[in-house]
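Here's the structure we're looking at; comments come further down.
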Amino acid sequence: MRYVVFDTETPNRCNDRISQIGFCVVEDGIIGPERCFLVNPECSFDEFNIMLTGIRPEQCRCEPDFAELWSRELEEVFSEGVLVAHNAPFDMAVLAKCLRAYGLRWKHIASYIDTVRLARRAFPTLSNHRLDTLAYRLGLELEHHDAGSDAAACAHILLACMERGAAPEDFLRDYDMRSMRTLRPANI
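Counting from 1, one number per residue, gives the positions in the sequence shown under full-length UniProt numbering.
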């Protein structure tokens with residue numbers, strides 16, 4: 001299976017725009033190169049988000065907006081695999097809201113896996129399953145809230161979970177990109 005592991009950072013509490021997006025592709029157990037882009041969100045930044053991510057408005061001012069980046073770099077990659085993210089419902093919602101904000105049409109339904117849920121199965125004795133906790137447990141370098149670093153750590157977590165016997169297909173979900181919600185699995 002081909003996985004597109006991604007992470008988004010947002011400029012404000014609306015979570016309908018992206019200030020940074022990172023991704024890497026995992027195929028046949030091999031993690032491809034990490035890609036990370038600053039994005040001009042064309043909106044205001046909240047101080048909380050600036051403090052959390054370290055991304056300031058002036059860093060994004062001359063970067064491409066999401067629509068340009070989507071057509072140039074993201075759509076083809078994101079269309080060819082199962083999306084994976086840590087706390088995936090958040091990142092899936094941000095992606096769906098951003099697509100909507102720019103009037104971009106994409107798939108109606110996108111399959112995804114949340115590595116938080118996967119890690120709960122693979123590492124049941126951990127006190128929590130946050131990205132930084134798992135990265136520390138696995139000895140991964142992490143610059144938390146940098147989308148590229150977070151995506152790369154998530155890809156390593158995915159593989160570590162698989163090595164411990166957690167089957168990603170057991171955690172496969174579908175996300176309705178139009179109504180911005182996870183669909184109930186057919187077997188429930």
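Cβ coordinates follow ideal geometry from the N, Cα and C atoms, glycine included.
Within 8 Å, strictly: CB atoms of residue i and residue j
i, j, result
"Asn15", "Val94", "yes"
"Cys154", "His108", "no"
"Val26", "Leu159", "yes"
"Cys24", "Ala152", "yes"
"Pro64", "Pro41", "no"
"Ala96", "Met162", "no"
"Gly22", "Ala147", "yes"
"Glu75", "Trp106", "yes"
Member of the options whose CA lies at the smallest distance from the CA of residue i
i, options, result
"Arg173", "Leu69, Arg61, Pro89", "Pro89"
"Ser179", "Gly81, Met92, Phe123, Ala135", "Met92"
"Val82", "Phe6, Ile21, Ser44", "Phe6"
"Asp150", "Ile113, Ala119, Arg2, Thr8", "Thr8"
"Gln59", "Glu68, Met1, Pro185, Ser44", "Ser44"
"Gly139", "Gly29, Ala110, Asp28, Ile157", "Ile157"
"Phe123", "Ala147, Ala166, Asp146", "Ala166"
"Ile55", "Pro168, Tyr175, His145, Arg164", "His145"
"Pro57", "Pro33, Gln20, Ile31, Phe78", "Gln20"
"Gly32", "Val4, Tyr112, Arg164", "Val4"
Residue i in three-state terms, based on DSSP
i, result
"Ser179", "coil"
"Thr133", "helix"
"Cys62", "coil"
"Leu172", "strand"
"Asn12", "coil"
"Cys24", "strand"
"Cys36", "strand"
"Leu83", "strand"
"Arg105", "coil"
"Phe48", "helix"
Neighbourhood of residue i by C-beta, 8 Å cutoff - its chain only, sequence neighbours within 5 removed
i, result
"Ser127", "Thr133"
"Glu73", "Arg35, Phe37"
"Arg2", "Val25, Val26, Glu27, Glu80, Gly81, Val82"
"Arg61", "Asn40"
Same chain, Cβ closer than 7 Å to residue i, five either side skipped, listed in chain order
i, result
"Val116", "His86, Asn87, His129"
"Leu104", "Ala67, Trp70"
"Ala119", "His129, Leu134, Ile157, Cys161"
Local Cβ density within 10 Å of residue i, reported as buried at 16 or more and exposed below that
i, result
"Phe48", "exposed"
"Asp170", "exposed"
"Leu52", "exposed"
Heavy atom of the ligand COA within 7 Å of residue i beta-carbon
i, result
"Val25", "You won't find the ligand COA in this model; it holds no ligand whatsoever."
Own chain residues within Cβ distance below 6 Å of residue i, not counting five before or after
i, result
"Phe66", "Ile18, Val39, Cys98, Tyr102"
"Pro185", "none"
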